[in-house]
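**Student:**
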Amino acid sequence: MTIGQLAKRAGINPQTIRYYEREGILPEPRRRAESDYRDYGEDSLRVLAFIKEAQEAGFKLAQIQKLLKADLRPEGCKDVQCLIEERLQEVKSRLRELRAFERSLRVLLCRCRKSRITTCCLALTLLHDEQTEGR
Numbered sequence: 001m002t003i004g005q006l007a008k009r010a011g012i013n014p015q016t017i018r019y020y021e022r023e024g025i026l027p028e029p030r031r032r033a034e035s036d037y038r039d040y041g042e043d044s045l046r047v048l049a050f051i052k053e054a055q056e057a058g059f060k061l062a063q064i065q066k067l068l069k070a071d072l073r074p075e076g077c078k079d080v081q082c083l084i085e086e087r088l089q090e091v092k093s094r095l096r097e098l099r100a101f102e103r104s105l106r107v108l109l110c111r112c113r114k115s116r117i118t119t120c121c122l123a124l125t126l127l128h129d130e131q132t133e134g135r
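Mind the numbering: the sequence shown is residues 1 to 135 in our numbering, read in order.
See the structure below:
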């Protein structure tokens with residue numbers, strides 16, 4: 001299939017496919033002898049689907065490349081497990097940060113609701129006061 005056909009089936013644009021090839025994430029396909037056009041197979045579609053799923057799980061392209069290459073080595077499963085564990089730790093860390101943000105926002109909202117001042121600037125004033133107190 002052509003790059004346009006592959007892009008359509010994978011739900012991405014052709015430039016992304018070319019980028020993945022340049023970065024070595026997607027193996028370069030064979031070329032048609034008569035036209036020198038790229039000729040993609042179903043394996044390319046499977047790799048692109050994997051990339052999409054891995055990105056949705058929050059993996060970066062460098063990590064995805066490692067995941068794809070891990071399959072080619074005997075110790076690949078252990079490498080994959082380590083990458084997944086790393087990603088899980090990143091997610092847990094981010095969740096802690098988000099919970100802290102949530103607590104700060106709840107405090108700010110509570111102060112706004114309790115205040116007798118009815119202007120929107122109150123929230124900004126309270127936020128500014130907290131920042132200057134922390135210095």
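No residue lacks a Cβ here, since even glycine has one placed at the ideal position from N, Cα and C.
Taking Cβ to Cβ, would you say K66 is nearer than 9 Å to A10?
**Tutor:** Within the sequence shown, numbered from 1, the residue matching residue 66 stands at position 66. Within the sequence shown, numbered from 1, the residue matching residue 10 stands at position 10. In this structure, A10 does not lie closer than 9 Å to K66 by Cβ.
**Student:** For the alpha helix (DSSP H) that D43 lies in, which residues bound it at each end?
**Tutor:** Stepping through the sequence shown from its first residue, residue 43 is reached at position 43. Note, D43: alpha helix (DSSP H), 42-56.
**Student:** Using only the alpha-carbon positions, how far apart do M1 and L105 sit?
**Tutor:** Translated into the one-based positions of the sequence shown, residue 1 becomes position 1. Translated into the one-based positions of the sequence shown, residue 105 becomes position 105. When rounded, the distance between both Cα atoms is 51 Å.
**Student:** Is it the case that the Cβ atoms of Q63 and R46 are separated by a distance below 9 Å?
**Tutor:** Taking the first residue of the sequence shown as 1, we reach residue 63 at position 63. Taking the first residue of the sequence shown as 1, we reach residue 46 at position 46. Result no, Cβ atoms of Q63 and R46 do not sit closer than 9 Å.
**Student:** Given a cut-off of 9 Å on the beta-carbon distance, is the pair R22 and R30 in contact?
**Tutor:** If you number the sequence shown from 1, residue 22 lands on position 22. If you number the sequence shown from 1, residue 30 lands on position 30. Taking 9 Å as the Cβ cut-off, R22 and R30 do not qualify as a contacting pair.
**Student:** Could you give the C-beta distance for L68 and L48, rounded to a whole number, given that I count them as a contact under 8 Å?
**Tutor:** Locating residue 68 in the sequence shown gives position 68, where the first residue counts as 1. Locating residue 48 in the sequence shown gives position 48, where the first residue counts as 1. The Cβ separation is near 11 Å, so there is no contact.
**Student:** From E42 to E75, what does the alpha carbon distance come to, in whole angstroms?
**Tutor:** Here the question's residue 42 lines up with position 42 in the sequence shown. Here the question's residue 75 lines up with position 75 in the sequence shown. Each residue's Cα considered, the two are about 26 Å apart.
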